[in-house]
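Numbered according to this note's numbering, the sequence shown spans residues 7 to 152.
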Amino acid sequence: MTTPQGSFDGFPKGVKEFLENLPFSNTLAAKEENIIDYKRLITRPLEKLYEALLPAVYEISENLDTKKARCVSSAYNDMRFSPKAPLREYVYIRFRLYGREENCPGLYFDMGSEYFSYGIWIFKRTTSGIKARKRFTRHKPEELSV
């Protein structure tokens, strides 16, 4: 996949080991040293993947939010919730339906040291949203009124 930033050829060798070791070195004292490898191994390839996915996302729906700042995870944790671990130990790309907060359909890619996953997801699910989805899936499409 070719992007304006170059082609996405996967994540570089060493990303798995870096993510496996990050929890042990993810300190404020080691932040400046870690961020160099983080950007090379994770941030830049993740941005290339985001760019490579955009054409397919536009084909799926023009209503999906594609603003990079909202779609691609930052390298940094929110220090209010993770004051001792400055760097994120998992990353994601998320394309959600624009302007909807709860029960929001979208596409995702998540990656950590032990896993990666991708697909369709309902973000910020609520009880009422789950019940509505269950009612919807119990009926055959021809039984549902439009």
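Ideal placement from N, C-alpha and C gives every residue a C-beta, glycine not left out.
| query | Expressed to the nearest angstrom, what Euclidean distance is found between the alpha-carbon atoms of LYS140 and THR133? | reply | Locating residue 140 in the sequence shown gives position 134, counting from the first residue. Locating residue 133 in the sequence shown gives position 127, counting from the first residue. If you take the alpha carbons of LYS140 and THR133, they lie about 11 Å apart.
| query | Between TYR82 and the rest of its own chain, which residues show a CB-CB distance below 8 Å, the 5 nearest in sequence each way excluded? | reply | Against the sequence shown, residue 82 aligns to sequence position 76. Closer than 8 Å at the Cβ level, and outside the excluded window around TYR82, lie PRO92, LEU93 and ARG94.
| request: Give the secondary structure of LEU59 by DSSP, where H, G and I count as helix, E and B as strand, and everything else as coil. | output: Start at 1 with the first residue of the sequence shown, and residue 59 comes out as number 53. Helix at LEU59.
| task | Please report the Cβ distance between MET117 and TYR96, rounded to the nearest whole angstrom; I am assuming they are in contact, meaning their Cβ atoms lie under 8 Å. | result | In the sequence shown, counting from the first residue as 1, residue 117 sits at position 111. In the sequence shown, counting from the first residue as 1, residue 96 sits at position 90. At roughly 6 Å, the Cβ-Cβ gap stays under 8 Å, so MET117 and TYR96 are in contact.
| So, is ILE136 buried or exposed, given that buried needs 16 or more other C-beta atoms within 10 angstroms? | The residue labelled residue 136 in the question sits at position 130 within the sequence shown. Result: exposed.
| query | Ordered along the chain, which non-local residues of its own chain (more than five positions away) have a Cβ less than 8 Å from that of GLU108? | reply | Position 102 of the sequence shown, counted from the first residue, corresponds to residue 108. Taken in chain order, the residues that qualify are LYS130, ARG131, THR132 and GLY135.
| query | Exposed or buried, LEU17, counting other C-beta atoms within 10 Å across all chains shown (16 or more means buried)? | reply | On the sequence shown, residue 17 is found 11 positions in, with the first residue counted as 1. For the record, residue 17 in the displayed sequence is Phe; it is not Leu. By the neighbour-count rule (16 or more Cβ atoms within 10 Å), PHE17 is buried.
| What is the rounded straight-line gap between the Cα of CYS110 and the Cα of GLU57? | Position 104 of the sequence shown holds residue 110. Position 51 of the sequence shown holds residue 57. As the crow flies, the alpha-carbon of CYS110 is around 22 Å from that of GLU57.
| field | The beta strand (DSSP E) enclosing PRO92, as first and last residue numbers | value | The sequence position of residue 92 within the sequence shown is 86, counting from 1. Taken as a continuous stretch (DSSP letters only), PRO92 belongs to no beta strand (DSSP E), as it is neither H nor E.
| query | Start and end of the beta strand (DSSP E) containing TYR124? | reply | One-based indexing of the sequence shown puts residue 124 at position 118. From DSSP, the beta strand (DSSP E) with TYR124 extends over 122-129.
| field | Within-8 Å CB hit, PHE30 to chain C | value | Included in the structure is just one protein chain, with no chain C present.
| said: Going by C-alpha to C-alpha distance, which of GLY20, GLU26 and ARG46 sits closest to GLU120? | reply: In the sequence shown, the residue the question calls residue 120 occupies position 114. Distances from the CA of GLU120 to each of GLY20, GLU26 and ARG46 were compared; the closest alpha carbon is that of GLU26.
| query | Going by other Cβ atoms of all chains shown within 10 Å of its Cβ, with 16 needed for buried, is LYS90 buried or exposed? | reply | Stepping through the sequence shown from its first residue, residue 90 is reached at position 84. With fewer than 16 Cβ atoms within 10 Å of its Cβ, LYS90 is classed as exposed.
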